[in-house]
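Take a look at the structure set out below.
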Amino acid sequence: MTHPLFEQHRATLEGALQAIATRGYWSPYTEMPSPKAYGETAAEDGKRAYEAHLGQNFELNQPGQNGWGGNEVSPYAGALDVRYPLCDHEVLIEAGLAAMKGWQAVGAAGRTGMCLEILARLNRQSFELGHAVMMTTGQGWMMAFQAGAPHAQDRGLEAVAYAWREQSFVPAEAIWEKPQGKNPALVMKKHFELVGRGVGLVVGCGTFPTWNTYPGVFAALATGNAVIIKPHSNAILPAAITVRTIRAVLAENGIDPNLVTLCVTDNRSTTQALATHPSVKSVDFTGSNVFGQWLIDNCKQAQVYAELAGVNNIVIDSTSAYKAMLGNLAFTLSLYSGQMCTTSQAIFVPAGGIDTDEGHKSYDEVCADLGKAISRFLSKPEVAFAVLGAMQSEATTDRVAHANSGQLGTVVLASQTLSNPDFPVAQVRTPVLLACDAADEAAYMEERFGPISFVVKVADTAAGIALSERVVREHGALTVGLYSTRQEVIDAMTEATWRGKVALSINLTGGVFVNQSSAFSDYHGTGGNPAANASYADSAFVANRFRVVQRRYHV
402 MTHPLFEQHR ATLEGALQAI ATRGYWSPYT EMPSPKAYGE TAAEDGKRAY EAHLGQNFEL
462 NQPGQNGWGG NEVSPYAGAL DVRYPLCDHE VLIEAGLAAM KGWQAVGAAG RTGMCLEILA
522 RLNRQSFELG HAVMMTTGQG WMMAFQAGAP HAQDRGLEAV AYAWREQSFV PAEAIWEKPQ
582 GKNPALVMKK HFELVGRGVG LVVGCGTFPT WNTYPGVFAA LATGNAVIIK PHSNAILPAA
642 ITVRTIRAVL AENGIDPNLV TLCVTDNRST TQALATHPSV KSVDFTGSNV FGQWLIDNCK
702 QAQVYAELAG VNNIVIDSTS AYKAMLGNLA FTLSLYSGQM CTTSQAIFVP AGGIDTDEGH
762 KSYDEVCADL GKAISRFLSK PEVAFAVLGA MQSEATTDRV AHANSGQLGT VVLASQTLSN
822 PDFPVAQVRT PVLLACDAAD EAAYMEERFG PISFVVKVAD TAAGIALSER VVREHGALTV
882 GLYSTRQEVI DAMTEATWRG KVALSINLTG GVFVNQSSAF SDYHGTGGNP AANASYADSA
942 FVANRFRVVQ RRYHV
């Protein structure tokens with residue numbers, strides 16, 4: 402049985418289904434903040450909508466409210482002074498479970514249609530979301546708009562498409578007829594009901610509060626589950642805006658809005674109690690290894706989808722475009738001050754140097770030239786501020802200072818402190834680049850979140866490939882890169898990434914960067930190494946979030 406919103410958004414769904422089948426470029430949501438796409442007044446309207454939240458109570462009309470809370474401090478502007486409802490998590494769970502009955506009744510088509518409508522509404526709020534993401538995370542404006550709004554919406558739609566595809570494989574009913582020779586056949590009618598498993602908990606992170614949460618939110622929602630979003634304590638506003646929009650669409654379509662709620666808390670024990678509640682059947686988490694592993698070890702009643710820390714790395718063997726390679730790496734290491742789960746940290750370079758189109762370059766020359774490329778790329782203040790953004794947390798600033806001290810390796814390029822005239826309180830740091838030997842594993846073989854990278858001297862290319870594989874296997878990675886002009890090296894690295902189960906980018910010298918991931922085409926994570934036990938998105942990301950319950954009788 403279909404649904405009006407399913408029919409209204411059918412073209413978008415079919416486009417997404419085609420895209421995940423072909424893996425080509427496609428997006429229904431314009432990534433550029435263009436008046437042609439979003440309307441002539443959208444930019445100003447979105448900024449005003451964001452500013453209207455400041456200093457106010459963010460009303461959501463959720464059950465179990467017992468106060469107001471929230472102490473977000475913007476990396477750009479200081480305290481936001483937005484107060485959010487504090488609700489008893491037990492009440493939110495019970496309300497979500499009660500709302501699931503009506504959500505199940507509308508069927509997969511109804512759920513899919515409403516999810517598509519929610520995403521369309523969120524897309525119209527892209528400027529509001531962009532400002533909220535920028536001001537809570539420290540991302541530059543363009544990145545905050547793109548990653549925080551249309552790209553996040555892409556990832557949400559991708560999850561909806563997979564969820565619909567998996568659910569559509571199950572027929573609603575069937576006639577079962579088994580021949581009995583000369584006797585009458587055995588005939589039964591069978592019905593197959595798609596049932597959500599329970600409450601889905603989505604735990605947000607402080608750096609990508611929408612991009613990293615929309616996949617879990619929409620995967621759980623589209624498959625019939627209630628959802629509770631527990632945002633990072635310093636990035637609540639983007640989640641609150643999202644929850645408000647979801648609740649509005651649900652209510653307009655006769656669904657209890659308490660199907661989706663916001664749980665604001667900075668108390669670890671509350672989050673733990675919520676995550677281990679018997680009614681919570683899925684947990685989506687992005688963040689530290691320590692808490693992520695705690696969730697995996699302790700949430701035995703739920704399926705945990707966790708993206709954790711890793712050591713992303715690149716092997717440089719040779720290149721036919723030396724300057725372009727350095728430029729690509731400079732952008733990669735600078736983007737959002739390295740505060741991305743996909744940013745490269747360890748760059749493996751043979752001790753004997755590399756062959757390039759500009760002649761042979763020694764290890765020391767590669768180090769020096771990469772440092773110069775970063776400095777040159779960030780030499781214009783307007784570029785530096787737009788690309789670097791600001792430090793999201795004091796802990797990241799402290800890590801940069803520690804790396805700058807030279808205790809982790811030889812400082813090739815020291816991090817500099819920049820002052821952004823538009824945001825005087827922002828902590829802006831350029832990347833620090835260090836040189837070290839392969840034996841200095843304590844330095845580079847753990848994630849050092851932020852603009853901190855190592856050029857690691859390895860014996861030769863083969864040793865670099867072997868070390869890359871070991872890093873992925875033991876510590877995890879979401880991205881691995883290779884620069885080589887030799888097919889046998891490309892083949893060897895490819896096979897190493899198959900064994901390590903990590904995505905590989907080869908010879909990136911243009912406008913695509915190893916730390917960027919495109920929805921509908923790139924799988925974000927494989928679920929096959931310690932950095933993540935799931936992928937955004939594949940069938941496995943959605944299929945275990947619902948169950949098929951049958952009933953049968955003779956006819």
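Read in order, the letters of the sequence shown correspond to residues 402 to 956 in our numbering.
Every residue gets a Cβ at the ideal spot worked out from N, C-alpha and C, and that includes glycine.
These numbers come from a predicted model, not from an experiment.
Straight-line Cα distance separating glutamine 466 from proline 486: 6 Å
Measure from the alpha carbon of leucine 771 to the alpha carbon of each residue in Gly753, Leu809, Leu730, His803, then state which is nearest. Leu730
Where glutamine 526 and asparagine 654 are concerned, what is the direct C-alpha to C-alpha distance, given to the nearest angstrom? 20 Å
With three or more beta-carbon pairs closer than 8 Å as the criterion, would you say the stretch 570-586 touches the stretch 640-656? Under the 8 Å Cβ criterion, the stretch 570-586 does not count as touching the stretch 640-656, having fewer than three qualifying pairs.
What does DSSP give as the partner residue(s) for isoleucine 755 in the beta ladder? Lys762
Can threonine 569 and alanine 627 be called in contact, C-beta distance under 8 Å? For clarity, residue 569 is serine in the given sequence; the question names threonine instead. No, Cβ-Cβ distance for serine 569 and alanine 627 is not below 8 Å.
According to the Cβ coordinates, are threonine 886 and serine 763 closer than 8 Å? no
Simplified DSSP state of tyrosine 485, which is helix, strand or coil: strand
Is alanine 636 closer than 8 Å to threonine 538 when the C-beta atoms are compared? yes
Test item: CB-CB of serine 794 and glycine 607 under 8 Å: Cβ atoms of serine 794 and glycine 607: closer than 8 Å.
Could you pull the start and end residues of the alpha helix (DSSP H) that histidine 552 belongs to? 551-569
Leaving out five residues on either side along the sequence, give the residues of the same chain with a beta carbon under 8 Å from the beta carbon of methionine 820. It is serine, not methionine, that sits at residue 820 in the sequence shown. If we look at serine 820 and ignore the five residues flanking it on each side, its Cβ neighbours are Val829.
Nearest by alpha-carbon distance to glycine 754: which of Val881, Phe609, Lys858 is it? Lys858
Going by the DSSP bridge assignment, what does threonine 662 pair with across the sheet? Threonine 662 pairs with Ile629.
Could you tell me how far apart the beta carbons of leucine 595 and isoleucine 630 are, in whole angstroms, since I believe they sit closer than 8 Å? 23 Å between Cβ atoms; not a contact.
Could you name the residues of the same chain whose beta carbon sits closer than 7 Å to that of serine 869, not counting the 5 residues immediately before and after it, in chain order? The answer, listed in chain order, is Asn714, Val716, Phe749, Val881, Ala897.
Go to proline 405, then tell me how far its beta strand (DSSP E) extends in each direction, as first and last residue. Segment 405-409 is the alpha helix (DSSP H) holding proline 405; no beta strand (DSSP E) there.
List the endpoints of the continuous beta strand (DSSP E) containing tyrosine 477. From DSSP, tyrosine 477 is part of no beta strand (DSSP E); its letter is neither H nor E.
Return the Cβ separation of threonine 413 and leucine 493 in integer angstroms, given the expectation that the two are a contact with Cβ distance under 8 Å. Rounded, the Cβ-Cβ distance is 30 Å, inconsistent with contact.
Threonine 403 versus valine 603 - alpha carbon distance: 28 Å
What would DSSP say about arginine 952, mapped onto helix, strand or coil? Strand.
Let me make sure I understand the geometry here. Which of Thr687, Ala564, Glu415, Val474 has the alpha-carbon closest to that of aspartate 939? Ala564
If you draw a straight line from the C-alpha of glycine 503 to the C-alpha of arginine 648, how long is it? Cα-Cα distance, rounded: 14 Å.
Alanine 623 classed as buried or exposed, judged by whether at least 16 other C-beta atoms fall within 10 angstroms: Counting Cβ neighbours within 10 Å, alanine 623 comes out buried, since at least 16 surround it.
With DSSP as the reference, label leucine 455 as helix, strand or coil. coil
Verify whether the separation of the beta carbon atoms of threonine 831 and serine 854 is less than 8 Å. no
DSSP state of proline 679, grouped into three classes? coil
Are at least three pairs of beta-carbons, each pair with one atom in the stretch 575-588 and one in the stretch 929-937, less than 8 Å apart? With the rule of 3 Cβ pairs closer than 8 Å, the stretch 575-588 does not count as touching the stretch 929-937.
My output table needs one value for arginine 830: the three-state DSSP class, helix, strand or coil. strand
The ligand MN and aspartate 685: does the residue's C-beta get closer than 7 Å to at least one heavy atom of that ligand? The ligand content of the structure shown is nil, which means the ligand MN is not present either.
From Tyr954, Gly739, Gln740, Met726, pick the residue whose C-alpha is nearest to that of aspartate 758; which is it? Met726
Length of the line joining the Cα atoms of serine 680 and threonine 927: So the alpha carbons of these two residues sit roughly 28 Å apart.
Measuring straight from C-alpha to C-alpha, what distance separates alanine 878 and glutamine 409? 40 Å
To the nearest angstrom, report how far apart tryptophan 612 and arginine 952 are at their CA atoms. 39 Å
Residue ranges of each beta strand (DSSP E) within the stretch 720-755, 3 or longer: 747-751
Compute the distance between the beta-carbons of phenylalanine 914 and aspartate 555, then report whether it is under 8 Å. no
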